[in-house]
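With full-length UniProt numbering applied, the sequence shown covers 7 to 346.
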Amino acid sequence: PLIMGIESSCDETGVGLVRGCELLSDEVASSVEAHARFGGVVPEVASRAHLEAMTPTVRRALDRAGVKLSDVDAIAVTAGPGLAGALLVGVSAAKAYALALDKPLYGVNHLVGHVAVDQLEHGPLPKPAVALLVSGGHTSLLLVRDLATDVQALGDTVDDAAGEAYDKVARLLDLPYPGGPPIDRAAREGDPEAIRFPRGKWGDGSYDFSFSGLKTAVARWVEDAERRGLPLSVSDIAAGFQESVVDVLTRKAVDACLDHGVRHLVISGGVAANSRLRALAEERCAAAGIELRVPRPRLCTDNGAMIAALGAEVVAAGLPPSSLNLATDTSLPVTSPLAV
Ligand code: ATP
Ligand code: MG
Ligand code: FE
Numbered sequence: 007p008l009i010m011g012i013e014s015s016c017d018e019t020g021v022g023l024v025r026g027c028e029l030l031s032d033e034v035a036s037s038v039e040a041h042a043r044f045g046g047v048v049p050e051v052a053s054r055a056h057l058e059a060m061t062p063t064v065r066r067a068l069d070r071a072g073v074k075l076s077d078v079d080a081i082a083v084t085a086g087p088g089l090a091g092a093l094l095v096g097v098s099a100a101k102a103y104a105l106a107l108d109k110p111l112y113g114v115n116h117l118v119g120h121v122a123v124d125q126l127e128h129g130p131l132p133k134p135a136v137a138l139l140v141s142g143g144h145t146s147l148l149l150v151r152d153l154a155t156d157v158q159a160l161g162d163t164v165d166d167a168a169g170e171a172y173d174k175v176a177r178l179l180d181l182p183y184p185g186g187p188p189i190d191r192a193a194r195e196g197d198p199e200a201i202r203f204p205r206g207k208w209g210d211g212s213y214d215f216s217f218s219g220l221k222t223a224v225a226r227w228v229e230d231a232e233r234r235g236l237p238l239s240v241s242d243i244a245a246g247f248q249e250s251v252v253d254v255l256t257r258k259a260v261d262a263c264l265d266h267g268v269r270h271l272v273i274s275g276g277v278a279a280n281s282r283l284r285a286l287a288e289e290r291c292a293a294a295g296i297e298l299r300v301p302r303p304r305l306c307t308d309n310g311a312m313i314a315a316l317g318a319e320v321v322a323a324g325l326p327p328s329s330l331n332l333a334t335d336t337s338l339p340v341t342s343p344l345a346v
């Protein structure tokens with residue numbers, strides 16, 4: 007079946023078309039530039055941008071895939087988690103298409119979509135797999151027995167998400183928003199050993215994470231250097247900060263695999279685009295005999311194809327469609343791949 011996926015949980019309007027694990031098109035319109043000067047996503051601005059971008063993005067996705075709207079067999083849409091007004095635009099559009107085409111509607115989980123998207127690049131996800139989900143709003147370790155029906159949470163951040171830490175530290179260093187890509191670039195010029203920042207929850211035996219202490223440590227370092235009139239090496243700070251983040255992420259992800267006897271790790275979400283995270287995960291997985299899967303950077307950040315990929319899984323599992331009364335759920339738990 008041909009699945010159309012619609013994503014609008016944050017600041018990307020995404021529409022993707024897939025058949026099973028085959029990616030036909032993936033069109034994204036981002037309002038990120040409209041938010042940059044505020045240093046974070048402004049919900050009202052995002053909602054309006056989704057409203058303007060939705061229909062043209064659907065058209066582009068259909069054109070790119072070389073299919074007609076009437077060829078679509080099912081509509082999948084992000085039902086949550088995300089910003090209330092932003093989610094509402096995607097869900098309303100999806101309902102309209104489902105109603106007009108008389109095709110089933112599936113409200114799916116954005117976070118599980120971040121994991122499911124890997125199938126479009128590397129084929130069916132081995133069962134079970136451990137997933138490290140690292141995005142702007144979430145940092146979780148998951149045990150995935152089945153993408154559509156069985157996702158278990160092993161651990162979570164107790165404070166900031168990894169992407170949020172990148173964004174906040176970038177702000178401290180006067181780097182642009184979103185902070186992940188500029189810190190990634192700056193860190194390549196720096197020495198990761200020059201400053202050793204704390205590793206939150208390192209070796210505590212849990213699969214939980216904490217990044218707010220790290221952010222505070224970076225803030226103190228910057229303040230202290232300024233007070234003493236010392237030169238600030240943005241690249242060394244970026245490299246030290248990044249090393250702390252990826253060290254803890256990869257260590258806990260590998261531990262989760264080993265402890266659960268799982269041989270496959272998938273890393274996804276916006277922060278999975280990070281070059282150092284990809285390199286260190288590769289190294290540590292190879293050493294531990296774990297097979298690593300990381301989607302290409304473009305598929306790691308928000309897009310419609312990830313929602314279509316999860317929709318395809320849900321359809322293949324034979325789960326019942328959502329009703330046309332489907333509600334958005336701003337805090338839909340990751341353990342619910344399909345919203346009711
Ligand atoms: P969520 O999925 O939790 O609702 P989101 O959809 O806003 O949040 P994503 O789009 O998956 O998050 O990811 C955005 C985050 O990824 C931002 O915090 C951004 O800084 C970070 N990011 C993007 N590229 C990189 C990179 N190369 N290195 C580190 N972080 C990155
Ligand atoms: Mg975004
Ligand atoms: Fe996301």
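Using N, Cα and C, we set each Cβ at its ideal position, and we do this for glycine too.
A quick note: this is a predicted structure, and the numbers were derived from the prediction, not measured.
One Cα belongs to residue 70, the other to residue 30, and the distance between them is close to 8 Å. Contact check for residue 109 and residue 78: beta-carbon distance about 6 Å, within the 8 Å limit, so the pair qualifies. Collapsing the DSSP output to three states places residue 247 in a helix.
Comparing C-alpha distances from residue 175 to each of 248, 208, 134, 150 shows the shortest one belongs to 248.
Scanning its chain for C-beta atoms nearer than 7 Å, with the 5 sequence neighbours on each side dropped, one finds around residue 137 the residues 121, 148, 150, 272, 274, in chain order. The beta-carbon separation of residue 296 and residue 84, rounded to 30 Å, does not stay under the 8 Å limit for a contact.
Between residue 241 and residue 204, the gap from beta carbon to beta carbon reaches 8 Å or more. Looking at 229, 118, 127, 302, the one whose alpha-carbon comes closest to that of residue 339 is 118.
The straight-line gap separating the alpha-carbon atoms of residue 9 and residue 146 is approximately 27 Å. Taking the C-beta atoms as reference points, residue 97 is found no nearer than 8 Å to residue 341.
Nearest neighbour of residue 229 by Cα position, chosen from 202, 253, 179, turns out to be 179.
Rounded to the nearest angstrom, the gap between the Cα atoms of residue 53 and residue 267 is 43 Å.
The ligand FE never approaches residue 317 closely enough for any of its heavy atoms to be under 7 Å from the residue's Cβ.
Contact annotation: residue 169 and residue 140 have beta-carbon atoms nearer than 8 Å.
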